[in-house]
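**Student:**
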Amino acid sequence: MRLAWIARHSIAIALTIMFLAPVVYLVLLSLMTSNQALTSDYWPNTWHPENYLRVFQVTELPRYLLNTVIYAVAATVFMLISSVPAAYALAKLKFRGRNALFLTIICVMMLPPQVVTVPLYLMWARYGLTGSIWPLIVPMLFGDAFSIFLLRQFLLTIPVEYLDAARVDGCGEWRVLLRVVLPMARPGIAAAGLFQFFFAWNDYYGPLLYTSENENAWTLSLGLASFHSVHHVDWNLVTAATVLTMAPIIIVFFFAQRAFVQGVTLTGVKG
Amino acid sequence: MRWKRNLTTLSFLAPMLIGIGVFFLYPLASAVYFSFTEFDLLSVPEWVGLDNYRKMADDPFLLQSVQNTLWMVVVFVPVRIVSAIGLSMLLARLKRGAGFFRTVFYLPALAPPVAATIAFVYLLKPGTGPVNTFLEHLGLDGPLWFNSPAWAKPSLVLLGLWGIGDIMIIFLAAVLGVPESLYEAAALDGANAWHRFRYVTLPTIQPVILFAAVTGVIYTLQYFDQAAVAGAIASGNATTGGGITSSFGYPEGSTFTYPLWLYTVGFSYSALGYANAMAVALFVAALAVTVILLKRSKAFAGEAEA
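In order, the protein sequences belong to chains A and B. When the letters of the first sequence are read in order and numbered with my numbering, they come out as residues 1 to 271. When the letters of the second sequence are read in order and numbered with my numbering, they come out as residues 1001 to 1306.
#1: At 4 residues or longer, what runs of the alpha helix (DSSP H) sit wholly inside the segment 1243-1298 of chain B?
#2: With C-beta atoms as the reference, is Gly1165 of chain B less than 8 Å away from Tyr1106 of chain B?
#3: Taking three-plus beta-carbon pairs below 8 Å as touching, is the segment 115-133 of chain A in contact with the segment 1269-1276 of chain B?
#4: Under 8 Å, Cβ to Cβ, is there at least one residue of chain B near Met110 of chain A?
#5: So for Glu50 of chain A, helix, strand or coil by DSSP?
#6: To the nearest angstrom, report how far apart Gln1226 of chain B and Val1121 of chain B are at their CA atoms.
#7: What is the DSSP secondary structure of Glu60 of chain A, reduced to helix, strand or coil?
#8: I need the DSSP call for Glu1038 of chain B, collapsed to helix, strand or coil.
#9: Taking only beta-carbon positions, decide if Pro85 of chain A is within less than 8 Å of chain E.
#10: To the nearest angstrom, how far is it from the Cα of Gly1302 of chain B to the Cα of Lys92 of chain A?
#11: Give me the chain B residues within the contact set of His228 of chain A, using Cβ-Cβ distance strictly less than 8 Å, ordered along the chain.
#12: Assuming Phe1211 of chain B and Ile1085 of chain B form a contact by the criterion Cβ under 8 Å, report the distance between their Cβ atoms to the nearest whole angstrom.
#13: Per DSSP, which residues does Trp1151 of chain B bridge with? Please list them.
#14: Does the beta-carbon of Thr46 of chain A have 16 or more other beta-carbons within 10 angstroms, so that it is buried, or is it exposed?
#15: To the nearest angstrom, report how far apart Asn1068 of chain B and Val1075 of chain B are at their CA atoms.
#16: Between the alpha carbons of Thr211 of chain A and Val1114 of chain B, how many angstroms are there, rounded?
#17: Give the interface partners of Asn216 of chain A over in chain B, defined as CB-CB distance under 8 Å, in chain order.
#18: Give the secondary structure of Gly1302 of chain B by DSSP, where H, G and I count as helix, E and B as strand, and everything else as coil.
#19: How big is the Cα-Cα spacing for Gly1253 of chain B and Gly1177 of chain B?
#20: Run the CB neighbour count on Arg1080 of chain B, radius 10 Å, all protein chains shown included, and call it buried at 16 or more, exposed below.
#21: Express the C-alpha separation of Ala241 of chain A and Val1073 of chain B in angstroms, rounding to a whole number.
#22: With contact counted as at least three CB pairs below 8 Å, one residue from each stretch, are the segment 1029-1041 of chain B and the segment 1250-1265 of chain B in contact?
#23: How long is the line joining the alpha carbons of Tyr1183 of chain B and Val1265 of chain B, rounded to whole angstroms?
#24: Decide if Asp203 of chain A is buried, meaning its Cβ has at least 16 other Cβ atoms within 10 Å, or exposed.
#25: Find the residues of chain A that neighbour Leu1013 of chain B, judging by a C-beta separation of less than 7 Å, and give them in chain order.
#26: Taking all protein chains shown into account, decide if Pro159 of chain A is buried (16 or more other Cβ within 10 angstroms of its Cβ) or exposed.
#27: Please report whether the beta-carbon of Lys1295 of chain B lies at a distance below 8 Å from any beta-carbon of chain A.
#28: Starting from Thr1128 of chain B, find everything on chain A with Cβ-Cβ shorter than 8 Å and list it in chain order.
#29: What's the call for Gln57 of chain A, buried or exposed, on a 16-neighbour Cβ count within 10 Å?
#30: Whose C-alpha, out of B:Pro1126, B:Thr1204, B:Val1217, is nearest the C-alpha of Pro1179 of chain B?
#31: For Asn1147 of chain B, is the classification buried or exposed, using 16 other Cβ atoms within 10 angstroms of its Cβ as the cut-off for buried?
#32: In chain A, what lies closer than 9 Å to Phe1197 of chain B by C-beta?
#33: Below 6 Å CB to CB, which residues in the same chain sit around Ile148 of chain A once its five sequence neighbours on both sides are set aside?
#34: Just verifying my parser: in three-state terms, what is the DSSP assignment at Trp124 of chain A?
#35: Could you spell out the range, first to last residue, of the alpha helix (DSSP H) harbouring Trp1145 of chain B?
#36: Roughly how many angstroms lie between the CA atoms of Tyr25 of chain A and Phe1267 of chain B, to the nearest whole one?
See below:
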């Protein structure tokens, strides 16, 4: 038994090193001079944390960052406003066609975005909104299939007795949702919100499609992908920008780890 | 009072119903219609019947992109599932530091795909990258990774394994959910570790494997970001914004996935009719896979609960 224990933990530690190595290497590279970053060294000869300041000066990073924050925050808030009531109806209200509607949501969720890319692009172009992040934000006001699915799965776990008690007290369904369900569903809502935030923060396809024609609207993902071609000899700066793009995600994760893991589990465990 | 209750229900669903109409049904119907036409961003769609679908049959780039995407489906999806099961089994049996290890294995799944891809291209740089430098210390000749037609896709698989955390967490919950009594019963019957895994764990987590396989295939069918960015960074081409399509598929089309070709056809060549025909084919493939999940999985059937 003792031997198995040691073996398992040794494997886990070896894997930990492999999982962490890419990020550690990025950070080390980002602290080198641009000359040393081009060599095969692992360890900086001299440390240059000022690379992180230079990234802000030599690139449009501040603007990309602002666009990304606007996209991620607006998409998350809009999604919650539109998707929580829909998920509640799908989970707790009885009406004709509920199953068909839920199946439709699953189909939307499973739809590769490329299928509807061209017609949607043409639609936004007709309104002159390509070249901005509006096409990425506005649809969130009309429900997000994955979030609705996730929220519904969570709301199913809330015992119906609580809702009935409120109904007996004369609450309408909206009051039941706002007063009873919302406080109980906080972990599920947090998880769905975090997923949406991270999706928007990490999104590359959407911004590439709608904003690549206008650099003022670029997000971090787009800026980062292009950054390398402009500064391809400054690996230290490219990696600094890469670390800066990852950092907020990691920080948010550590503040919200529990809600997060619970949310991931919810997406699949009930298979 | 019945109509009033219906009105209330409708008030909950209205935004979503509009969304399904405007952002799903309308563009889907348009894609089908456009697939029978020919036009670009400046011209009006002109009916050409089945021409676009006939063209698909002898488009060498399409064939290559289908092959690449199928390769990813056949290799990437099973490798990810097997690794995730292995990792979750390991995590489930760790007595010390399980929370720490879980976090470490999970976190890379959250890394922005563009950032993660850049990290891996740097990590796997043929000349000066730390992986090949390390292999050299061992006396091994490292491959060209993202710069080699043979190794570019396996490099993307490595990148995908780094971000395995999301399905690993799902498998971990499933593995931890296997009733201890089943293991005890199996142990009484003299089952060894492999038998316990094969006859107790696997059948119990089978629905989760199905879920992971279906979502994995769907994910692979739309695989775009990592392939696009890896091509751009590894090729070293000056590509900004929309011009990124020029380095798609580098090296030698080996990372040219179906969505990359669809995007190129649509937004570099402006062959919007043809792009929509490709979109319809993609839709049929995704729908077929989704139907398997709906048929086989209880949670998605909707009725059972609530």
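Beta carbons: idealized from backbone N, C-alpha and C, even for Gly. Source: prediction; values computed, not measured.
**Tutor:** Let's see:
#1: 1258-1267, 1272-1296
#2: Yes, they are a contact pair.
#3: yes
#4: Taking 8 Å as the threshold, the shortest C-beta distance from Met110 of chain A to chain B falls below it.
#5: coil
#6: 10 Å
#7: Here Glu60 of chain A sits in coil by DSSP.
#8: Correct three-state label for Glu1038 of chain B: strand.
#9: Among the protein chains in the structure shown, which are A and B, there is no chain E.
#10: For Gly1302 of chain B, the predicted structure reports a pLDDT of 48, less than 50, and the residue's modelled location is therefore unreliable. A value from the coordinates is still provided. Each residue's Cα considered, the two are about 12 Å apart.
#11: Ile1118, Ala1232, Ile1233
#12: Contact doesn't hold; Cβ gap of about 13 Å is too wide.
#13: BP columns for Trp1151 of chain B are empty, so no partner.
#14: exposed
#15: 11 Å
#16: 16 Å
#17: Near Asn216 of chain A there are no residues of chain B at all, since even the closest Cβ is about 11 Å away, more than 8 Å.
#18: With a pLDDT of 48 at Gly1302 of chain B, under the threshold of 50, the modelled position of this residue cannot be trusted; read the value that follows with caution. Gly1302 of chain B falls in the coil class under three-state DSSP.
#19: Approximately 44 Å, taken between the alpha carbons.
#20: buried
#21: 32 Å
#22: no
#23: C-alpha separation (whole angstroms): 54 Å.
#24: Here Asp203 of chain A is buried, its C-beta having at least 16 other C-beta atoms within 10 Å.
#25: Ala86, Ala89
#26: exposed
#27: no
#28: Leu38, Thr39, Ser40
#29: With fewer than 16 Cβ atoms within 10 Å of its Cβ, Gln57 of chain A is classed as exposed.
#30: B:Thr1204
#31: Asn1147 of chain B comes out buried.
#32: Correct list: empty, because the minimum Cβ distance to chain A is about 14 Å.
#33: Ser83, Ala86, Ala87, Ile105
#34: helix
#35: Taken as a continuous stretch (DSSP letters only), Trp1145 of chain B belongs to no alpha helix (DSSP H), as it is neither H nor E.
#36: Rounded to whole angstroms, the gap between the alpha carbons of Tyr25 of chain A and Phe1267 of chain B is 36 Å.
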